[in-house]
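First comes the structure, then the notes that go with it.
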């Protein structure tokens, strides 16, 4: 076959293949932007094939590329849907691919981070599952945390905050009390091991008890995180707080300046907002600590037995009355300095689940969306989302094996922490 004829056949096959890819991408992903780019590229290939054929006689002996490479902007759109781990492998192909994938990293970091799914904790907090919310797009995380399995045999998720997980990890043949605390980013598969923390006994000889660990990630600065550990005495009064900073890589111990009657229960509500940690207490209050300024405060709850969360940069509290009317009230702390709460929304939970009366069900508001007026509720069988702006309800999950859920927002920012 003549070289010119062979070249035409190759170009035609390539154009046909690009058209097929365009149709497939629009059907599966609904990505009109990529499909349009590929269609334009196909037309460009047709024009270039014609130009090559017409200039063949004028430029005999001059070697030409039959088809131009894909433009970088098109590749960036395509590769933005590739899993982060595979993307890192592509960097080894060539210098051009290294630069391209590095540019894609910038695209990931600057793109708006939205809710990707919900992490569900089992009743005994010894199990973890991930419910993907974005339909038509593959999950950006591996819910099994396979990237940790090469170093650890057993993994238990303790906390989830934004884009990070705090896990207790056991190596093969280790004892029950011999484990590492690991903070990991499931999206980038990066992780770091927390150093051990030692606490001396109190002056009166009573032993201090390590209570709970809480993971804190500031949405404004996702490149760093802190871990807060409460240290109590034998009657569960907080005596100290230990704070680990990913920027320094070490623990800092602080004597508690909260009142002597401050009791923070196990797995208490914990919020990290604007450099300040917030704990829900058994006294219907919120105790706070500004870590950098070491400012200790206490804020009264708007109602007894409230839960707390953060959304749209503000602290929120809610109370669900499981009496026959099942009324849910949500407040927002608009005046933070004075501790003044504003009632934001009320709704009858029975109506959200399509019921007219309460029988044996127990309802709970599990979480609030960090960026929208969206809340998540369950009746211990079904999990739903409720938009407080337009009053729309969507069923999220029908699993009965989970106790609580935490919104997960993937983040591709580079860590300042020294880790893997």
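Numbering (our numbering), first residue to last: 3 to 422.
C-beta: ideal position from N, C-alpha, C; glycine also.
For this session: Evaluate contact between the stretch 277-284 and the stretch 216-230, counting only Cβ atoms and requiring at least three cross-stretch pairs below 8 Å.
Result: yes
Exercise. So the alpha helix (DSSP H) residue 151 belongs to, where does it begin and stop?
Worked result: 148-151
Exercise. Residue 330 to residue 265, Cα distance in whole Å?
Worked result: 26 Å
Problem set entry | C-beta atoms of residue 187 and residue 165 nearer than 8 Å | yes
Exercise. Helix, strand or coil for residue 239 per DSSP?
Worked result: coil
Exercise. Just curious, the alpha helix (DSSP H) that residue 353 is in, first and last residue?
Worked result: 351-354
Problem set entry | 6 Å Cβ shell around residue 253 - same chain, five flanking residues per side excluded | 199, 244 and 246
Exercise. If we ignore side chains and look at the alpha-carbon of each, how far apart do residue 338 and residue 368 end up?
Worked result: 23 Å
Problem set entry | C-beta contact flag for residue 407 and residue 121 at 8 Å | yes
For this session: Closer than 7 Å by C-beta to residue 296: which residues in its own chain qualify, once you throw out the five before and the five after it? Chain order, please.
Result: 256
Exercise. Would you report the Cα separation of residue 394 and residue 310, rounded to the nearest angstrom?
Worked result: 22 Å
For this session: Kindly list the residues whose CB is nearer than 6 Å to the CB of residue 363, restricted to its own chain and excluding five residues on each side of it in sequence; keep chain order.
Result: 381
For this session: Identify whether residue 113 lies in helix, strand or coil by the three-state DSSP scheme.
Result: Since pLDDT at residue 113 reaches only 49, below the 50 mark, its modelled position is unreliable, and the value read off the structure follows with that caveat. DSSP places residue 113 in coil when its eight states are reduced to three.
For this session: Can you give me the Cβ contacts of residue 386 inside the same chain, cut-off strictly under 8 Å, excluding the 5 residues immediately before and after it?
Result: 354, 355, 378, 379, 380, 395, 396, 397 and 398
Exercise. Would residue 274 pass as a contact of residue 345 if the rule is Cβ separation under 8 Å?
Worked result: no
For this session: List the residues that DSSP assigns as beta-bridge partners of residue 282.
Result: 288
Exercise. Along the chain, where does the beta strand (DSSP E) that runs through residue 307 open and close?
Worked result: Taken as a continuous stretch (DSSP letters only), residue 307 belongs to no beta strand (DSSP E), as it is neither H nor E.
For this session: Using three-state DSSP, classify residue 257 as helix, strand or coil.
Result: strand
Exercise. Under the rule that 16 or more other beta-carbon atoms within 10 Å means buried, what is residue 236, buried or exposed?
Worked result: exposed
Exercise. Between the Cα of residue 391 and the Cα atoms of 411, 412 and 348, which residue gives the shortest distance?
Worked result: 348
Exercise. What's the call for residue 95, buried or exposed, on a 16-neighbour Cβ count within 10 Å?
Worked result: exposed
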